[in-house]
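Residue numbers (the UniProt record's numbering): 1 to 420. Just so you know, even glycine gets a beta-carbon here, dropped at the ideal spot from N, CA and C. No experiment lies behind these values; they were computed from the predicted model shown. Single-structure report; data block below.
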């Protein structure tokens with residue numbers, strides 16, 4: 001039985017080959033697999049230097065060989081590397097992923113989420129296995145293709161002229177066009193490939209035994225050698241609609257998996273851009289609050305700007321035909337001012353969307369900003385347009401603040417029945 005090692009680090013952390021973290025040593029094989037995988041993905045996930053890996057703006061989990069690395073978000077670069085902080089941020093990350101529908105978790109047992117044996121990959125795999133199990137219980141679709149050939153019994157449509165020409169000797173055969181069952185349906189091949197990846201990288205885990213049980217109930221499939229290029233070929237129709245969620249998860253598993261070199265160094269990366277996750281999280285929280293107040297919340301909506309270029313704010317708030325703009329930034333700005341470029345961008349948003357108020361929204365580890373109407377700064381010679389720097393604490397104690405959307409809308413003085 002394989003024994004998996006697990007470490008938790010914060011974004012922007014550095015791992016050095018040969019050193020220990022949480023009692024786990026970063027081996028040369030771990031470093032080489034990480035470096036190769038990053039190279040295969042245009043070096044977008046982390047920065048590789050001499051025997052050193054610097055993590056950047058991606059959070060999530062990496063399994064490389066027998067090592068599981070969880071990368072957690074943080075606001076303050078001086079965040080203490082203590083267990084209670086890591087547990088708080090792990091639960092926050094899982095909840096952010098759940099709300100933005102990157103993980104399907106109804107309720108997480110707090111006792112489990114604090115154990116390192118239950119990492120994000122386990123949760124993700126469990127979601128996929130649940131989806132496949134549902135499909136099996138509902139009954140897998142039975143795909144049929146038309147085939148014209150000689151058969152022993154009459155099925156389908158008899159091709160009379162060709163039957164006479166083809167069966168002069170073996171007259172007991174019939175030449176027909178008939179339907180044949182195609183076990184190698186592309187949907188099944190993709191799901192089977194994802195199941196095999198889970199099986200191969202989770203030996204000794206509960207997830208592994210559950211995966212094997214599902215594989216026993218799955219049809220035998222011919223493996224596609226280059227499966228990464230077939231996702232656009234999946235048909236979209238009424239029959240395949242129930243498979244969409246499982247296929248989306250399978251696609252993520254397959255495209256983020258690699259078997260590096262001939263030394264069987266298996267690596268699977270499930271990482272999320274924290275800037276995009278922050279934007280989507282704020283959007284969802286605003287949607288939850290806005291539904292009760294007759295407010296419309298829109299995501300990124302592009303408008304032409306210059307030649308083929310366009311501009312698109314992160315979030316648009318609309319009430320009674322009046323617009324407000326939010327642009328989210330995942331960084332601590334407690335001791336600095338926003339860049340001139342960001343302020344110019346907000347000015348452009350105000351002009352193009354005829355918005356009276358715009359806000360640059362940042363997370364903070366301190367108290368949320370207390371904003372009054374007069375605090376929105378006016379642009380020079382533009383009395384109509386204003387901009388503000390909003391800092392919001394995402395926590396209520398050690399849990400995410402589920403009233404964060406209400407706080408943000410109050411900043412814009414958009415209330416239940418009026419917009420001021």
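Out of 102, 10, 217, 186, which one is the CA nearest neighbour of residue 235? In the chain shown, counting from the first residue as 1, residue 235 sits at position 235. Among 102, 10, 217, 186, the Cα nearest to that of residue 235 is on 186.
Please name the residue in 339, 123, 43 whose C-alpha comes closest to that of residue 70. Numbered from 1 along the chain shown, position 70 holds the residue referred to as residue 70. Taking only the C-alpha atoms, the option nearest residue 70 is 123.
Shorter than 7 Å from the beta carbon of residue 7 to some beta carbon of chain B? Among the protein chains of the structure shown there is no chain B, as only one such chain exists.
For the alpha helix (DSSP H) containing residue 406, list its first residue and its last residue. Walking along the chain shown from the start, residue 406 turns up at place 406. Unbroken alpha helix (DSSP H) run through residue 406: 404-411.
Comparing alpha-carbon positions, which option in 36, 30, 121 lies nearest residue 103? The sequence position of residue 103 within the chain shown is 103, counting from 1. Among 36, 30, 121, the Cα nearest to that of residue 103 belongs to 121.
If you follow the alpha helix (DSSP H) that residue 135 is in, where does it begin and where does it stop? On the chain shown, residue 135 is found 135 positions in, with the first residue counted as 1. Note, residue 135: alpha helix (DSSP H), 120-138.
Whole-angstrom Cβ separation of residue 251 and residue 231, contact assumed at under 8 Å? In the chain shown, counting from the first residue as 1, residue 251 sits at position 251. In the chain shown, counting from the first residue as 1, residue 231 sits at position 231. Sure, about 6 Å apart at Cβ, within 8 Å.
Measuring only the C-alpha atoms, how far is residue 20 from residue 26? For this step, residue 20 is matched to residue 20 along the chain shown. For this step, residue 26 is matched to residue 26 along the chain shown. So the two alpha carbons sit approximately 6 Å from each other.
Where does residue 218 fall in DSSP's three states? Along the chain shown, one-based indexing puts residue 218 at 218. Of the three classes helix, strand and coil, the one that applies to residue 218 here is coil, per DSSP.
In chain order, what residues of the same chain lie with their CB nearer than 7 Å to the CB of residue 281, ignoring the 5 residues before and after it? Your numbering for residue 281 matches position 281 in the chain shown. Excluding sequence neighbours, residue 281 sits near 96, 99, 100.
Measuring only the C-alpha atoms, how far is residue 423 from residue 329? The chain is shown only over 1 to 420; residue 423 falls outside these bounds and no answer can be derived.
Counting only the same chain and skipping the five closest in sequence on each side, list residues whose C-beta sits under 7 Å from that of residue 338. Walking along the chain shown from the start, residue 338 turns up at place 338. Cβ within range, chain order: 360, 389.
I think residue 368 touches residue 393, with their Cβ atoms under 8 Å apart; what is that distance to the nearest whole Å? In the chain shown, residue 368 corresponds to position 368, counting from 1. In the chain shown, residue 393 corresponds to position 393, counting from 1. That belief holds up - the Cβ atoms of residue 368 and residue 393 are roughly 5 Å apart, short of 8 Å.
Do you know offhand how far residue 210's Cα is from residue 5's? Sequence index remark: in the chain shown, residue 210 carries index 210 (1-based). Sequence index remark: in the chain shown, residue 5 carries index 5 (1-based). If you take the alpha carbons of residue 210 and residue 5, they lie about 21 Å apart.
Within this structure, are the beta carbons of residue 267 and residue 33 separated by less than 7 Å? Position 267 of the chain shown, counted from the start, is the residue given in the question as residue 267. Position 33 of the chain shown, counted from the start, is the residue given in the question as residue 33. Contact: yes.
Please state the DSSP three-state secondary structure of residue 265. Working through the chain shown from its first residue, we reach residue 265 at position 265. If DSSP states are grouped into helix, strand and coil, residue 265 belongs with the strands.
Could you tell me if residue 340 is buried or exposed, where buried requires 16 or more neighbouring beta carbons within 10 angstroms of its beta carbon? By one-based count along the chain shown, residue 340 stands at place 340. Classification of residue 340: exposed, given that the 10 Å Cβ count is below 16.
Measure from the alpha carbon of residue 249 to the alpha carbon of each residue in 41, 127, 202, 274, then state which is nearest. One-based indexing of the chain shown puts residue 249 at position 249. Answer by Cα proximity: 127.
Buried or exposed (CB count within 10 angstroms, at least 16 for buried), residue 30: The residue you call residue 30 lines up with position 30 of the chain shown. Burial call: buried.
Which two residues bound the contiguous alpha helix (DSSP H) that contains residue 198? Here residue 198 refers to the residue found at position 198 of the chain shown. It spans 186-201 - the alpha helix (DSSP H) in which residue 198 sits, taken as one unbroken run.
Please tell me whether residue 269 and residue 62 are closer than 7 Å, where the distance is taken between their beta carbons. Here residue 269 refers to the residue found at position 269 when the chain shown is read from its first residue. Here residue 62 refers to the residue found at position 62 when the chain shown is read from its first residue. Yes, the pair counts as a contact, with Cβ atoms nearer than the cut-off.
Under a Cβ-count criterion, where at least 16 other Cβ atoms within 10 Å of its own Cβ denotes burial, should residue 43 be classed as buried or exposed? Numbered from its first residue, the chain shown carries residue 43 at position 43. Exposed, because fewer than 16 other Cβ atoms sit within 10 Å of the Cβ of residue 43.
What separation, rounded to the nearest whole angstrom, lies between the Cα atoms of residue 81 and residue 8? In the chain shown, counting from the first residue as 1, residue 81 sits at position 81. In the chain shown, counting from the first residue as 1, residue 8 sits at position 8. Rounded to whole angstroms, residue 81 to residue 8 spans 9 Å at the Cα level.
In the DSSP assignment, find the unbroken beta strand (DSSP E) run with residue 362 in it and report its ends. What you label residue 362 is simply residue 362 of the chain shown in a count that begins at 1. 355-363 is the extent of the beta strand (DSSP E) around residue 362.
Which residues does DSSP list as the beta-bridge partners of residue 396? Locating residue 396 in the chain shown gives position 396, counting from the first residue. BP columns for residue 396 point to 399.
Residue span of the beta strand (DSSP E) that contains residue 318, given as start and end: By 1-based counting over the chain shown, the position of residue 318 is 318. Residue 318 -> beta strand (DSSP E) spans 315-319.
Do residue 314 and residue 291 come within 7 Å of each other at the CB atom, strictly closer than that value? Counting from 1 along the chain shown, the entry for residue 291 is found at position 291. Counting from 1 along the chain shown, the entry for residue 314 is found at position 314. No, Cβ-Cβ distance for residue 291 and residue 314 is not below 7 Å.
Is residue 56 closer than 7 Å to residue 72 when the C-beta atoms are compared? The residue given as residue 72 occupies position 72 in the chain shown. The residue given as residue 56 occupies position 56 in the chain shown. Not closer than 7 Å, so no.
What is the DSSP secondary structure of residue 270, reduced to helix, strand or coil? The residue you call residue 270 lines up with position 270 of the chain shown. Of the three classes helix, strand and coil, the one that applies to residue 270 here is strand, per DSSP.
What's the C-alpha gap between residue 402 and residue 288? Reading the chain shown from its first residue, position 402 is the one you call residue 402. Reading the chain shown from its first residue, position 288 is the one you call residue 288. Approximately 9 Å, taken between the alpha carbons.
So what does DSSP say about residue 342, is it helix, strand or coil? Sequence index remark: in the chain shown, residue 342 carries index 342 (1-based). Helix at residue 342.
Since residue 257 sits in a beta bridge, which residues does DSSP pair it with? Position 257 of the chain shown holds residue 257. Answer by DSSP bridge pairing, in chain order: 268.
With DSSP as the reference, please indicate the residues paired to residue 322 in a beta bridge. What you label residue 322 is simply residue 322 of the chain shown in a count that begins at 1. Paired residues: 319.
Take residue 229 and list the residues in its own chain whose beta-carbon comes closer than 6 Å to its own, dropping the five residues that flank it on each side. For the purposes of this step, residue 229 is identified with residue 229 of the chain shown, where counting begins at 1. The answer is none, since no qualifying residue turns up.
Let me make sure I understand the geometry here. Which of 354, 241, 94 has the alpha-carbon closest to that of residue 277? Walking along the chain shown from the start, residue 277 turns up at place 277. Comparing Cα positions, the closest option is 94.
Is residue 29 helix, strand or coil by DSSP? Stepping through the chain shown from its first residue, residue 29 is reached at position 29. In this structure, residue 29 counts as helix in the three-state DSSP scheme.
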